[in-house]
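Under the working numbering, the residues of the sequence shown are numbered 12 to 355, in order. All C-beta atoms in this analysis are idealised placements derived from N, C-alpha and C, irrespective of residue type, glycine included. These numbers were taken from a predicted model, which means no experiment stands behind them. What follows is a short report on a single structure.
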Amino acid sequence: MTLPFFFDFNLSELVKHPVFADQPDYRAMQVWQQVYTKLKFDPMQINNVPLELRRKMKDAFDFEPVTVAQKVSGEGNQAEKIAFNLSDGAKIETVLMRYTERNTICISTQVGCGMGCVFCATGQMGFTRNLETAEIVGQVMYFAKILREEGSALTNIVIMGMGEPFVNYDAVLKSIDILNDPDGFQFGERRITISTVGIVPMIEKFTLAKRQINLAVSLHAPTNAIRDKILPINKTYPIEKLLIACNDYAKYTKRRISFEYALIDGVNDSLEDATQLAHLLKGMLCHVNLIPLNPTRNYGGKGTKSDHVKAFYSTLTRAGIPCSIRISRGVEIGAGCGQLVNKE
């Protein structure tokens, strides 16, 4: 019999689970806190509840929605990529990036991706399925425990791994709610960023939810002519519709929106492109992340050279557009932006 994953349950659902039916009202809370604050993922280690209940939980829940298939570390251990096995045999990849003052994990929300962005390894895979809530939470719990054992802690979560988060909206938001729970993991929404390729109706829905979660949008081009060629979604939601939704988000939530821009040599990196981009974003509460393209197996484009990246950056900043050049981590181990892929 297949057991339900513990990490699929929020606290209110856990309280109602039959395993707690004959228990005092506070028992589920005790278990919840041991799992999410003490990071005890074996019910037999939850020693503040009766042994009989621990045994029942062991028979009632699966605490391993993801298991490690492969681990690869980058230079200086600054990036660590884990390939996780899922219960149906599928695989996903998740990345930990270590910086001087923070530890960020990039988590996945789907097996593959159906968006078809031409330069993205995950998009080149095609779509298999959405991840369950437990499979999303499980990625975070794995790295939270690793970092705690190192005497460190997780500081940021970016939902920018395999898949389009807004296609799996309900599971992604439930995962965030579980991680944010004040009686459990207590991970603040402002330390979480969701990245989308630009599904306009879902941006509108997310805007109305008025969450404290950060929003990043994969823009990657200043014109429809360019964006159509590299992001198929643009034919459904062209730039003008996308930017209306983004501007509404910034105005309604009063939160800054981030635009991701992968610089591809000879495709979207001319100074004219930079000028057009600045014109598009003028007056919007936003920030642009410039990312020199990372190599993938099935796309022949190359990343823009460093001196031209700086010129593109200077054009934006002179026009008053807040901008930064992303420091790439893990490119040498296939853990950079756009490189995550199920190799089987």
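Margin query: I'd like the list of long-range same chain contacts for Gly345, defined as Cβ closer than 6 angstroms, with 5 residues on each side in sequence excluded.
Written below: Note on Gly345: pLDDT 49, under 50, position unreliable in the model; no value is reported.
Notebook entry, point to check: With distances taken from CA atoms, which of Ala39, Pro306, Ile250, Leu327 is nearest Ser23?
Noted result: Of the candidates Ala39, Pro306, Ile250, Leu327, Ala39 places its Cα closest to the Cα of Ser23.
Item checked: Leu184 and Val151 closer than 8 angstroms at C-beta -> No, Cβ-Cβ distance for Leu184 and Val151 is not below 8 angstroms.
Next item on the list: Please state whether DSSP places Asp73 in a helix, a strand or coil.
Entry: Strand, per DSSP.
Check: By DSSP, does Val379 sit in helix, in strand, or in coil?
Finding: A question about residue 379 goes unanswered here, because the residues of the chain that appear run from 12 up to 355.
Next item on the list: Count the other C-beta atoms from every protein chain shown that fall within 10 angstroms of the C-beta of Gly311, then say buried if there are 16 or more, exposed otherwise.
Entry: By the 10 Å Cβ count, Gly311 comes out exposed.
Margin query: Please return the same chain residues whose Cβ sits closer than 8 angstroms to the Cβ of Ile241, not counting the five positions on each side in sequence.
Written below: So the qualifying residues of the chain are Cys128, Val129, Phe130, His231, Ala232, Ile275, Val278, Asn279.
Item checked: Inter-residue spacing [alpha-carbon to alpha-carbon] between Gly137 and Pro61 -> Going by the C-alpha atoms only, they are around 47 angstroms apart.
Item checked: His231, DSSP secondary structure in three states -> In the structure shown, His231 adopts coil according to DSSP, grouped into three states.
Notebook entry, point to check: Should Glu161 be listed as close to the ligand SAM, given that the test is whether its C-beta is under 7 angstroms from any heavy atom?
Noted result: No copy of the ligand SAM appears in this structure; indeed no ligand is present at all.
Check: Between which two residues does the beta strand (DSSP E) carrying Gln370 extend?
Finding: Since the first residue of the chain shown is 12 and the last is 355, residue 370 is not available in this structure.
Checklist line | Contacting residues, own chain, Cβ-Cβ under 8 angstroms from Asp318 (five flanking each side not counted) | finding: No residues qualify anywhere along the chain.
Margin query: I need the straight-line Cα distance from Gly100 to Phe20, nearest angstrom please.
Written below: C-alpha separation (whole angstroms): 22 angstroms.
Next item on the list: Pull up the distance between the alpha-carbon of Asn59 and that of Leu50, whole angstroms please.
Entry: So the two alpha carbons sit approximately 14 angstroms from each other.
Margin query: I'd like to check one pair, Val228 with Ile268: are the Cβ atoms closer than 8 angstroms?
Written below: In contact: Ile268 and Val228 (Cβ atoms closer than 8 angstroms).
Margin query: With distance defined between alpha-carbon atoms, name the residue in Cys257, Ile57, Phe74 nearest to Ser98.
Written below: Closest by alpha carbon: Phe74.
Next item on the list: Verify whether the separation of the beta carbon atoms of Asn305 and Glu271 is less than 8 angstroms.
Entry: Cβ atoms of Asn305 and Glu271: not closer than 8 angstroms.
Check: Considering only residues of the same chain and omitting the five flanking positions on each side of Met295, which have a CB-CB separation below 8 angstroms?
Finding: Leu254, Cys257, Asn258, Ala261, Ile268.
Item checked: Pro115 - partner residues in DSSP beta bridges -> Strictly speaking, residue 115 in this sequence is Thr, with Pro absent from that position. In the DSSP output, where bridge partners are listed per residue, Thr115 has Met108, Asn167.
Check: Would you call Ala3 buried or exposed, if buried means 16 or more other Cβ atoms sit within 10 Å of its Cβ?
Finding: Any question about residue 3 goes unanswered here, given that the chain covers just 12 to 355.
Check: Per DSSP, what kind of secondary structure is Glu143 in: helix, strand or coil?
Finding: In the structure shown, Glu143 sits in coil (DSSP, three-state: anything other than H, G, I, E or B).
Note to self: Only counting the same chain, and skipping five residues up and downstream in sequence, which positions put a Cβ closer than 8 angstroms to that of Lys293?
What the structure shows: Excluding residues up to 5 positions away in sequence, Ala330, Gly331, Ile332 lie with their Cβ nearer than 8 angstroms to the Cβ of Lys293 in the same chain.
Notebook entry, point to check: Which whole-angstrom value is the C-beta distance of Ile157 and Thr120, which I expect to be below 8 angstroms?
Noted result: By a beta-carbon distance limit of 8 angstroms, Ile157 does not contact Thr120. Their separation comes to about 21 angstroms.
Notebook entry, point to check: On the three-state DSSP scale, how would you describe Leu226?
Noted result: The three-state secondary structure of Leu226, taken from DSSP, is strand.
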